[in-house]
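Encoded as structure tokens, the structure appears first; notes follow it.
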Amino acid sequence: MSPLFYGVYPAATTQFHDDLSLDLDSTKRHLEVLIEAGVQGLVMLGSLGENNMLDPDEKIAVLRAAVEVSNGRVPVVSGVSEFSTAQASRHAEAAAKVGCKGLMVLPAMVYPADDREVIAHYRSVAKATDLPIIVYNNPVAYKIDVTPAMLEELADDPKFQATKESSADPRRVTDLINRLGDRYVIMGGVDDLILECALLGAKGWIAGVGLAFPRENQRLWDLAMAGRWAEAVELYRWFTPLLHLDIGPKFVQKIKLCLQEVGLGKETVRPPRLNLSGAEREETLRVIREGIANRPVL
Numbered sequence: 416m417s418p419l420f421y422g423v424y425p426a427a428t429t430q431f432h433d434d435l436s437l438d439l440d441s442t443k444r445h446l447e448v449l450i451e452a453g454v455q456g457l458v459m460l461g462s463l464g465e466n467n468m469l470d471p472d473e474k475i476a477v478l479r480a481a482v483e484v485s486n487g488r489v490p491v492v493s494g495v496s497e498f499s500t501a502q503a504s505r506h507a508e509a510a511a512k513v514g515c516k517g518l519m520v521l522p523a524m525v526y527p528a529d530d531r532e533v534i535a536h537y538r539s540v541a542k543a544t545d546l547p548i549i550v551y552n553n554p555v556a557y558k559i560d561v562t563p564a565m566l567e568e569l570a571d572d573p574k575f576q577a578t579k580e581s582s583a584d585p586r587r588v589t590d591l592i593n594r595l596g597d598r599y600v601i602m603g604g605v606d607d608l609i610l611e612c613a614l615l616g617a618k619g620w621i622a623g624v625g626l627a628f629p630r631e632n633q634r635l636w637d638l639a640m641a642g643r644w645a646e647a648v649e650l651y652r653w654f655t656p657l658l659h660l661d662i663g664p665k666f667v668q669k670i671k672l673c674l675q676e677v678g679l680g681k682e683t684v685r686p687p688r689l690n691l692s693g694a695e696r697e698e699t700l701r702v703i704r705e706g707i708a709n710r711p712v713l
């Protein structure tokens, strides 16, 4: 039996109406496109899903919509990104009740916890449900590094099954494997390093820009897993300028603009984020439109 966490799990956006209310119909339509493209799972309420911009009841509405669309075809994983351990545990319980099959858990927001505190946070959230967990490591954005040593400490709990590695350092993949073998499924979390991570042993991709190009995204991953590296590199070279949109503080705006350009969503984001404007928006559109113009025939 295949492990739950493997392959492409796109980190879906949360779509909004112009008045910034949830647009669940648009969100569901996009999830259907992703499933039809062959993804192995769906991550809701990650960074791209604007988790921290949603009220608790809105988060559950998004999860319920995703579970409804999936209808058992692929597992739905909920991001867990809260300001306290108690809030994170409550969200984990609620996610399990609406039918999510896994959790992707960040350290608690804002407070720069030390290693002992991060470990305690993860153990507390794990106790809240029986769901398997992806440990989300993103020290670039969230200023806490969940190191191989910390993952080794958590390894005594089988609920911790995978790690989303977004340290922007592909050497971390090798360090994890050298220290922990195959204890965790390593899932790449930085789009423009994904082929490098796959070569080094990552078995999953929590994808961003692939939301707008799901078939190309899946094809790239399938080629890598099949060891067809020359073909993968050729596709990666086309994809990489687009994948760079996944980097930096405005990656949510850029990827949502990408979705709008390909007709799969709207660019609308919730404050404090604002839609891109001026030269920044024009440069992003140039990259997107050039990628669309040169889109390969699969």
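Take 416 as the starting number for the sequence shown in this note's numbering and just add one per residue.
Every residue gets a Cβ at the ideal spot worked out from N, C-alpha and C, and that includes glycine.
Have a look at the DSSP bridge pairing and note the partners of residue i.
| i | result |
| --- | --- |
| K681 | None, per the DSSP bridge assignment. |
| S499 | In DSSP, S499 forms no bridge with anything. |
| V714 | What is shown of the chain runs 416 to 713, which leaves residue 714 out entirely. |
| G619 | G422 and M602 |
| L700 | Bridge partners of L700: none, in fact. |
Please determine, among the options, the residue with the shortest C-alpha to C-alpha distance to residue i.
| i | options | result |
| --- | --- | --- |
| M519 | S493, R505 and S539 | S493 |
| E508 | T562, A543 and R538 | A543 |
| P418 | D434, P573 and L478 | P573 |
| I662 | D434, A501, S462 and E649 | S462 |
| I670 | A510, W653 and L691 | L691 |
| P711 | V677, Q668 and W653 | W653 |
| L460 | A541, A510, L689 and Y557 | A510 |
So, at 7 Å on beta carbons, what are the nonlocal neighbours of residue i in its own chain, with the 5 sequence-adjacent residues on each side left out?
| i | result |
| --- | --- |
| V533 | P522, I559, V561 and M565 |
| E497 | A503, H506, A523 and M524 |
| A647 | L610, L635, L638 and A639 |
Quick one: using the 10 Å Cβ neighbour count with 16 as the cut-off for buried, is residue i buried or exposed?
| i | result |
| --- | --- |
| Y526 | exposed |
| V454 | buried |
| E580 | buried |
| G487 | exposed |
| E631 | buried |
| R634 | buried |
| G596 | exposed |
Assuming residue i and residue j are in contact, meaning their beta carbons sit under 8 Å apart, how far apart are those beta carbons, in whole angstroms?
| i | j | result |
| --- | --- | --- |
| V624 | D606 | 5 Å |
Can you list, in chain order, the residues of its chain with a C-beta nearer than 6 Å to that of residue i? Leave out the 5 residues immediately preceding and following it.
| i | result |
| --- | --- |
| G693 | none |
| A613 | A639 |
| V702 | P656 |
Kindly list the residues whose CB is nearer than 8 Å to the CB of residue i, restricted to its own chain and excluding five residues on each side of it in sequence; keep chain order.
| i | result |
| --- | --- |
| F431 | L437, D438, K681, T683, V684 and R685 |
| L674 | T428, H445, L626, A627, G680, K681 and E682 |
Would you say residue i touches the ligand HEM, meaning its beta carbon is less than 6 Å from a heavy atom?
| i | result |
| --- | --- |
| R630 | No copy of the ligand HEM appears in this structure; indeed no ligand is present at all. |
Answer yes or no: does any C-beta atom of chain D fall closer than 7 Å to that of residue i?
| i | result |
| --- | --- |
| F666 | Of the protein chains in the structure, only one exists, and it is not chain D. |
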